[in-house]
Amino acid sequence: MKKLIAVFCIMLLAVFTFAACSSKKEGTKEQTQNIRIGEVTHSLFYAPLYVGIEKGFFKDEGLHVDLQTTAGGDKTMTALLSGGIDIALVGSETSIYVHQQGAKDPIINFAQLTQTDGTFLVSRKKLDSFNWNDVKGVTFLGQRKGGMPQMVGEYVLKKNGIDPHKDTNLIQNIEFANIANAYASGTGEFVQLFEPTASIFEKEGKGYIVASFGAESGTVPYTSFMAKESFLKKDKAAAEKFTRALYKAQQWVDTHSPEEIADAVSPLFKDTSKDITVKVIERYKKQHSYATNPLLDAEEWKQLQTIMKEAGELQKEVPHEALVNTKIAESVIKK
């Protein structure tokens, strides 16, 4: 009888222990907040974000990142404005466009991810040496009008004495997601592409990287995390947690090798070979594309508007403090 009672007690204890563990797990799950992120494209250009996801930095802050690719700045901003996502990773110019339309709930930039252009000029022919004048008189497959890639592309071409609208046969009416396919199908002598597509094309002999728009553009808030002002007020804690995790990821990327970064993000780039991934990350690190902290400063904001003005897309200059929240990033960096 005593043995039966002892066995019963052990079983009862096991049940309570399991229940307690389950309760604890459920409690932890309840404390994890889901954050919906819409990225304008899926590229190694955004490596710090992926490092944050794969290394568990967001998880450590109690956040679950629900990442979805919303190809193109217009689609990404539409998703943000309609409530389909909580935070957008997109060019900072989109927040200015929304502001120019008189939005009642403005879009606020609160964390910067990249600080140079992320595209490369790809030539269909292999050139022994490249000169920007090689672009004159040929078909140039650019990016969507009004988007950062296209505006920076125009800015760099003009800087090198080329008016893309007069000196080239400029095509910019192809959907962002279809540009690479259009070039692969034979459209254009030159194209402006993100990585890893540019390097994949080079490896497959479909094109050859001849110049970097990022190396030519200077520092600019190319891609930032932004949200509705109402979201940042209502859920400031979540924005701070997100930015803190991002900062950890940015610091990690800054202090680790391209090979280590490639290993970290590989689960999100299963169709991209290790050698391509390393080469791409090496390129971006070399030209300092990855911001080492989330702070979007006034000088970068000024450069952004200079580029927009050159492209004829800026109606009126917008003060830095009107659409940029630096308090969140500053508080995270200080800690």
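Counting in this note's numbering, the final residue of the sequence shown is number 335, and the numbers go up one at a time with none missing.
Virtual Cβ for every residue (Gly too), placed ideally from N, Cα, C.
Inter-residue CB distance, residue i and residue j (contact presumed, cutoff 8 Å)
| i | j | result |
| --- | --- | --- |
| Gly91 | Gly118 | Not a contact, Cβ separation roughly 10 Å. |
| Ser43 | Phe194 | 5 Å |
| Leu304 | Thr326 | Their Cβ separation, rounded to whole angstroms, is 15 Å, which puts Leu304 and Thr326 out of contact at 8 Å. |
| Lys212 | Tyr155 | It should be pointed out that residue 212 corresponds to Ser in this sequence rather than to Lys. Ser212 to Tyr155, Cβ: 14 Å. No contact. |
| Thr116 | Gly214 | 4 Å |
| Pro48 | Leu113 | 6 Å |
| Tyr222 | Met148 | 6 Å |
| Glu61 | Arg244 | 6 Å |
| Ile107 | Met226 | 5 Å |
| Val210 | Phe130 | 4 Å |
| Phe231 | Ile35 | No, Phe231 and Ile35 are not in contact; Cβ-Cβ is about 10 Å, not under 8 Å. |
Start and end residues, beta strand (DSSP E) containing residue i
| i | result |
| --- | --- |
| Thr243 | That residue, Thr243, is in no beta strand (DSSP E); its alpha helix (DSSP H) goes 236 to 255. |
| Ala264 | No beta strand (DSSP E) holds Ala264; the alpha helix (DSSP H) holding it covers 258 to 265. |
| Ile171 | 169 to 171 |
| Gly38 | 33 to 39 |
Secondary structure of residue i, DSSP reduced to three states
| i | result |
| --- | --- |
| Thr292 | coil |
| Tyr208 | strand |
| Thr197 | helix |
| Thr69 | strand |
| Ala47 | helix |
| Ala227 | strand |
| Gln315 | coil |
| Thr116 | coil |
| Thr28 | Below a pLDDT of 50, predicted positions are generally treated as unreliable, and Thr28, at 44, falls in that range; no measurement from the model is reported. |
| Phe269 | coil |
| His64 | strand |
| Val220 | coil |
Boundaries of the alpha helix (DSSP H) in which residue i is found, first to last residue
| i | result |
| --- | --- |
| Ala177 | Careful: Ala177 lies outside any alpha helix (DSSP H) and carries neither H nor E. |
| Asp392 | No answer is possible for residue 392: the residues shown for the chain start at 1 and end at 335. |
| Asp275 | 274 to 286 |
| Gly153 | 148 to 159 |
| Val332 | 327 to 334 |
| His320 | 320 to 323 |
| Thr306 | 298 to 310 |
Tell me whether the segment 301 to 318 and the segment 85 to 100 touch, counting them as touching only if at least three CB pairs, one residue from each stretch, are closer than 8 Å. With contact defined as three or more Cβ pairs closer than 8 Å, the segment 301 to 318 and the segment 85 to 100 are in contact.
As an exercise, report each continuous alpha helix (DSSP H) stretch of at least 4 residues that is fully enclosed by the segment 84 to 144, in chain order. Segments of the alpha helix (DSSP H) lying fully in the segment 84 to 144: 93 to 100.
Assess contact between the segment 132 to 139 and the segment 162 to 170, defined as three or more Cβ pairs (one per stretch) separated by less than 8 Å. Is contact present? Using a C-beta cut-off of 8 Å, the segment 132 to 139 makes contact with the segment 162 to 170, since at least three inter-stretch Cβ pairs fall below that distance.
Give a yes or no on contact between the segment 230 to 245 and the segment 253 to 270, applying the rule of three or more CB pairs nearer than 8 Å. No: the two stretches stay apart, fewer than three of their Cβ pairs being nearer than 8 Å.
Count the CB pairs spanning the segment 242 to 260 and the segment 179 to 195 that are closer than 8 Å, and state whether there are at least three. Fewer than three pairs of CB atoms, one per stretch, sit closer than 8 Å, so the segment 242 to 260 makes no contact with the segment 179 to 195.
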